[in-house]
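What follows is a set of notes on a single structure, which appears directly below.
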Amino acid sequence: MNVKDFYYDLPGELIAQDPLEDRSGSRLLVLNRQTGEPEHKYFSQILDYLTPQDCLVINNTRVIPARLFGEKEGTQAKIELLLLKRRENDIWETLVKPGKKAKPGTKILFGGGLLAGEILDVVEDGNRLIRFSYEGIFEEILDQLGQMPLPPYITHQLEDKERYQTVYAKYNGSAAAPTAGLHFTRELLDDIRARGISIAEVTLHVGLGTFRPVKVEQIQEHHMHSEYFELDETAANIINNTKRKGGRVFCVGTTSCRTLESAAAKMYAEATPDKASLQKASDREWVRPCSGWTDIFIYPGYQFQVLDALITNFHLPESTLVMLVSALAGRENILRAYEEAVKERYRFFSFGDAMLIL
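Read left to right, the sequence shown gives residues 16 to 373 (our numbering).
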């Protein structure tokens with residue numbers, strides 16, 4: 016498959032620059048993947064599609080203020096840093112601009128020396144490993160000096176940092192928000208629980224690999240960057256029990272989807288040679304508690320193991336995320352639905368409207 020097969024034309028004015036005042040007030044395009052027919056709803060109507068037998072899977076990662084602006088020691092040259100993932104203790108993999116000023120041994124000062132970094136090495140894709148030194152608590156210093164790492168297509172200033180966090184964000188570690196979750200309010204989640212619908216929490220710390228442009232012509236040659244995920248026993252039990260009783264697993268966002276599908280792949284990889292036993296047992300498992308790094312790349316032809324329905328936003332043309340939703344609903348269905356969304360003036364990308372694929 017060619018990257019160009021996943022292109023669609025998007026007018027720039029449809030890229031949402033600001034979040035809505037009411038999180039759940041966004042629009043919702045409901046796509047039936049069997050018929051390809053779209054329905055136009057509002058996000059608060061998501062309740063109409065959930066039953067007490069179903070479960071909702073949410074990603075409780077929290078975005079860190081990962082963008083730092085500093086000066087090269089000695090020259091005062093301006094350097095911008097984006098924290099991608101913590102490798103160990105105070106060593107982070109980062110994206111540095113401009114890269115030519117960031118050779119190993121380079122020292123960078125932030126906040127007048129409140130935080131200092133030394134570049135240790137250049138790794139894959141030109142990313143830099145940096146060791147930070149400071150006095151106090153790193154997270155507190157980062158809160159003081161860092162800015163939220165909004166995507167480059169958002170040019171407006173974000174007045175409230177919490178609007179780039181889900182209301183259920185718990186664990187620091189992401190360089191980007193799991194944006195499908197931005198539509199949920201605490202009240203909506205309370206309504207979901209009150210109807211007897213289970214909610215399973217997983218963690219996947221979002222890196223930039225998911226959003227990295229596909230630079231090869233044939234998508235099968237693209238390699239995803241790895242991201243850290245965790246699926247605990249409580250979440251695994253909720254998901255397995257839902258599937259056993261014939262309920263559906265609704266993943267909130269592509270990150271929750273990738274977590275479950277990675278966990279399923281890990282379980283099957285570690286299973287005994289008689290994998291059929293996993294299918295036959297009355298206490299069948301779809302996932303088991305696990306954690307680790309995943310570089311799973313989901314594109315058309317992929318067979319989903321756990322997910323039954325997906326709540327997601329509208330994604331960039333030719334991106335790996337458009338490929339993922341195409342794997343679920345079919346490329347033609349997705350492109351027609353996106354064309355319909357453009358015609359109906361939906362808002363696109365991180366602060367945009369939502370889509371439910373059933």
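Glycine included, C-beta positions come from ideal geometry on N, C-alpha and C.
Can you tell which of the options has its C-alpha closest to the C-alpha of residue i?
| i | options | result |
| --- | --- | --- |
| L129 | L83, I169, T109 and G120 | L83 |
| R273 | A209, T327 and N252 | T327 |
| L331 | F58, I169 and Y23 | Y23 |
| E359 | R42, L203 and N17 | R42 |
| K112 | G127, G120 and L96 | L96 |
| H240 | C266, D20 and D310 | D310 |
| D37 | F199, I156 and A131 | F199 |
| S365 | L246, T270, H237 and I169 | I169 |
| E276 | C305, E139, K118 and R259 | C305 |
| R208 | K56, F153, T66 and V357 | T66 |
| A195 | E155, T257, K122 and C266 | C266 |
| E150 | F58, A131 and V78 | A131 |
| K19 | V357, L350 and E355 | L350 |
| T257 | I156, K118, D323 and L165 | D323 |
| K118 | V137, R102, G127 and E103 | V137 |
| W308 | E174, H237, H55 and R102 | R102 |
| K260 | F312, D298, F153 and E154 | D298 |
| E139 | H238, M282 and H55 | H238 |
Would you identify the three-state DSSP class for residue i, choosing helix, strand or coil?
| i | result |
| --- | --- |
| V337 | helix |
| G374 | This structure does not reach residue 374, given that the chain is present from 16 up to 373, and the question cannot be answered. |
| D158 | helix |
| L44 | strand |
| G211 | coil |
| K19 | helix |
| L135 | strand |
| G27 | helix |
| S241 | coil |
| I372 | strand |
| D33 | coil |
| F366 | coil |
| K295 | Confidence at K295 is low in this model, with a pLDDT of 49, below 50, so its placement is unreliable and the value that follows should be read with caution. K295 falls in the helix class under three-state DSSP. |
| V357 | helix |
| I326 | strand |
| K260 | coil |
| K176 | helix |
| H198 | helix |
| G141 | helix |
| L65 | coil |
| I79 | coil |
| F125 | strand |
| Y383 | With the chain represented from 16 up to 373, any question about residue 383 goes unanswered, as that position is not in the structure. |
| Q235 | helix |
| R351 | helix |
| L204 | helix |
| N104 | coil |
| R38 | helix |
| T270 | helix |
| R227 | coil |
Which residues in the same chain have their Cβ closer than 6 Å to the Cβ of residue i, if we skip the five residues on either side of it in sequence?
| i | result |
| --- | --- |
| R146 | D105, I106, E133 and L135 |
| I214 | L71 |
| G114 | G141 |
| K176 | M163 |
| F125 | L83, G85 and L160 |
| D368 | S41, R42, Y361 and R362 |
| P166 | S365 |
| K122 | E88 and E133 |
Once the 5 residues before and after residue i are set aside, which same chain residues still bring their CB inside 8 Å of it?
| i | result |
| --- | --- |
| A352 | L44, L46, G51, P53, A344 and M370 |
| K100 | W107, E108, G188, A190, H220, G222, E242 and Y243 |
| D206 | L62 |
| Y314 | M16, I234, Q235, T335, M338, L339, S341 and A342 |
| G120 | E133 and I134 |
Quick one, are the C-beta atoms of residue i and residue j less than 7 Å apart?
| i | j | result |
| --- | --- | --- |
| L110 | N142 | yes |
| Q49 | G262 | no |
| V217 | A250 | yes |
| Q162 | P80 | yes |
| A279 | V302 | yes |
| V229 | V264 | no |
| I372 | L325 | yes |
| N74 | G268 | yes |
| R201 | V182 | yes |
| H171 | Q32 | yes |
| T76 | Y186 | yes |
| P34 | R227 | no |
| F21 | E333 | yes |
| N255 | E285 | no |
| V78 | A192 | yes |
| S39 | L203 | yes |
To which residues of the same chain is residue i closer than 7 Å at the C-beta, ignoring the five residues directly before and after it?
| i | result |
| --- | --- |
| K116 | K87, A92 and I94 |
| L157 | I79 and P80 |
Measuring CB atoms only, is the segment 25-33 touching the segment 338-350, in the sense that at least three cross pairs come out at less than 8 Å? no
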